[in-house]
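Engineer:
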Amino acid sequence: MKIFNLCTFYIWVIFSGVVLPVFGRYFPTTLTLKRTISLSDRVGLSQLRAHDRVRHGRLLQPINGVDYFPLSGTYNSFRAGLYYANVQLGTPPKEFDVQIDTGSDVLWVNCYGCTDCPTTTHLQDVQLGAFNPSGSSSASVISCSDKRCLMGSPSADPLCDNAYNCAYQFRYGDGSGTQGYYVSDLLRITAVNGDTESNSSANVIFGCSMTQAGDLAKADRTVDGIFGLGQQGMSLVNQLSSQGVAPAAFSHCLRGDENGGGILVFGSIIDPGIVYTPLVPSQAHYNVNLESISVNNQELPIDASVFTTSISTGTIIDSGTTLAYLAEAAYDPFVNAISVAVSQSVRPLLSKGGTCFLITSSVSDVFPQVSLNLAGGASMVLRPQDYLVERSSIAGADVWCMGIQKIEGQGITILGDIVLKDKAVVYDLANQRIGWVNYDCKWILRFQISRLL
Numbered sequence: 001m002k003i004f005n006l007c008t009f010y011i012w013v014i015f016s017g018v019v020l021p022v023f024g025r026y027f028p029t030t031l032t033l034k035r036t037i038s039l040s041d042r043v044g045l046s047q048l049r050a051h052d053r054v055r056h057g058r059l060l061q062p063i064n065g066v067d068y069f070p071l072s073g074t075y076n077s078f079r080a081g082l083y084y085a086n087v088q089l090g091t092p093p094k095e096f097d098v099q100i101d102t103g104s105d106v107l108w109v110n111c112y113g114c115t116d117c118p119t120t121t122h123l124q125d126v127q128l129g130a131f132n133p134s135g136s137s138s139a140s141v142i143s144c145s146d147k148r149c150l151m152g153s154p155s156a157d158p159l160c161d162n163a164y165n166c167a168y169q170f171r172y173g174d175g176s177g178t179q180g181y182y183v184s185d186l187l188r189i190t191a192v193n194g195d196t197e198s199n200s201s202a203n204v205i206f207g208c209s210m211t212q213a214g215d216l217a218k219a220d221r222t223v224d225g226i227f228g229l230g231q232q233g234m235s236l237v238n239q240l241s242s243q244g245v246a247p248a249a250f251s252h253c254l255r256g257d258e259n260g261g262g263i264l265v266f267g268s269i270i271d272p273g274i275v276y277t278p279l280v281p282s283q284a285h286y287n288v289n290l291e292s293i294s295v296n297n298q299e300l301p302i303d304a305s306v307f308t309t310s311i312s313t314g315t316i317i318d319s320g321t322t323l324a325y326l327a328e329a330a331y332d333p334f335v336n337a338i339s340v341a342v343s344q345s346v347r348p349l350l351s352k353g354g355t356c357f358l359i360t361s362s363v364s365d366v367f368p369q370v371s372l373n374l375a376g377g378a379s380m381v382l383r384p385q386d387y388l389v390e391r392s393s394i395a396g397a398d399v400w401c402m403g404i405q406k407i408e409g410q411g412i413t414i415l416g417d418i419v420l421k422d423k424a425v426v427y428d429l430a431n432q433r434i435g436w437v438n439y440d441c442k443w444i445l446r447f448q449i450s451r452l453l
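For the sequence shown, position 144 matches number 144 in the UniProt record's numbering, and the numbering has no gaps at all.
#1: What do you get for D101, buried or exposed, if any count of 16 or more other CB atoms within 10 angstroms of its CB means buried?
#2: If you reduce the DSSP assignment to three classes, tell me which class I418 lands in.
#3: Among V106, G320, G207, which residue has its Cα nearest to the Cα of S143?
#4: Sorted by chain position, which residues of the same chain lie with C-beta nearer than 6 Å to L60's C-beta, five sequence neighbours on each side aside?
#5: Classify N76: buried if its beta carbon has 16 or more other beta carbons within 10 angstroms, exposed otherwise.
#6: Within the same chain, show all residues whose beta-carbon is closer than 7 Å to that of L290, passing over the 5 residues directly before and after it, in chain order.
#7: Could you check where the beta strand (DSSP E) with Y112 kicks off and where it finishes?
#8: With DSSP collapsed to three states, give me the class of S138.
#9: Whole angstroms is fine: what's the gap from D386's alpha carbon to S312's?
#10: If the criterion is Cβ atoms closer than 8 Å, does the pair K270 and Q99 meet it?
#11: Pick out whichever of S242, M151, M210 has its Cα sitting closest to the Cα of G180.
#12: Just how far apart, CA to CA, sit F250 and G214?
#13: Figure out for me which residue from D422, Q232, F131, V204 has the closest Cα to the Cα of D440.
#14: On the DSSP bridge list, what partners appear for H252?
#15: Taking the alpha-carbon of Y164 as reference, which of T178, S176, D146 has the nearest alpha-carbon?
#16: Which value, in whole angstroms, describes the spacing of the CA atoms of V399 and R148?
#17: Are there 16 or more other CB atoms within 10 angstroms of the CB of L216, so buried, or fewer, so exposed?
#18: Have a look at the DSSP bridge pairing and note the partners of G180.
#19: Could you check what DSSP says for R148 in three-state terms: helix, strand or coil?
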């Protein structure tokens, strides 16, 4: 057996909770993802777009002094949904349901004494709580003199309040916002070792929200907070990695069926079919270089400069966006190519500004395959279900609408949950790349955890 300086370890995870043997220094930290469904009836495509517009108003702000609260959803066009996970904070541990989001950096939760924080939610299976630092024997408030206070920048400018606590203020483009202070306490997540589970804990810094305004306080989409998985210093990925608790990588698999849910693991996926594309360096978000789009293996006539990364252009992978969005200059060629490919088989419809189709046969048999061609020779191949959403039926025919939308007046392309579902996706921060492979997320996932000797 050959020995290398870089030792590799393998983990198998199955959603039923059965875990095969694990070897190495790191035990995988796993979170079961759930999808909570709004109690309201079907949410229209226009409402999903409105949700995402609010999200993008926050996401596309300059990063100086701004962080981004997600308005997440799933591909499910009938109802609004959130991917969330249960985490435990403090001693004794208290449970919080937090939304998983790759477009923000900070873990924060509502705290005791918060002004205008929501106290009720319309989301199923979610019971709102509040963290109280005084009620945790392991909690400590981060002071302004603590060097860790600077970890909050550039996600948000660290401020000093009258009590000399390290405070933050997040202001968003849609007028909403939150402010609070940073706390250090134990984060407890289930770890697996062989066929047993145990509580793993690490001291982490997170935000204690004391005021909220605007859409953040709306009960129709409220959970206890956000689990930021971005790349900045305050990200939980960076904090856990710097302590040697977890590697500088995380993976998720979001189920695309009606049951939703999935899994989040701190580690990398092992699969012979996985393809990688490099991350664009020095970006606040997970930017990648989209080079072209193909429909039925035919590259579309879109100028490559449309996708070039700059302050106002580029391609972002963002789990907090429900649908997907193409830069304005790329959208019409894409929709036209789809429409031409199915012109003999379906009837086009217009529904509140969206492009829809009336279909009497299987959508998989009628609509073409789409390839998003990215740098490094990596292609993200989309099935019809990855760029269309089912809306309703008319006289026995199904109505499917374009789930890839256009951001009016914007040069940004955003790949959201509609294209990320039913894929195992790995964010390999150590090697600055993102990989994916099509996967049925209710089956076994094989993960890799690596460390240097």
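Ideal Cβ positions, reconstructed from N, Cα and C, are used throughout, including at glycine.
Structural biologist: Taking the structure as given:
#1: buried
#2: DSSP, read as helix, strand or coil, puts I418 in helix.
#3: G207
#4: Reliability of the predicted coordinates at L60 is poor, the pLDDT of 40 falling under 50, and the value obtained from them is presented with this limitation in mind. None.
#5: Because the pLDDT at N76 is just 39, under 50, the model does not fix this residue reliably, and the value given afterwards should be weighed accordingly. Result: buried.
#6: F307, T315, L372, L374, T413
#7: 108-115
#8: Look at S138 here: in three-state DSSP terms it is coil, with no helix or strand label.
#9: 26 Å
#10: Checking the sequence, you will find Ile at residue 270 rather than Lys. 8 Å or more divides the Cβ of I270 from the Cβ of Q99.
#11: M210
#12: 31 Å
#13: Among D422, Q232, F131, V204, the Cα nearest to that of D440 is on D422.
#14: BP columns for H252 point to L264, V425.
#15: The residue with the shortest Cα to Cα distance from Y164 is D146.
#16: 53 Å
#17: So L216 counts as buried.
#18: Y168, S209
#19: It is helical.
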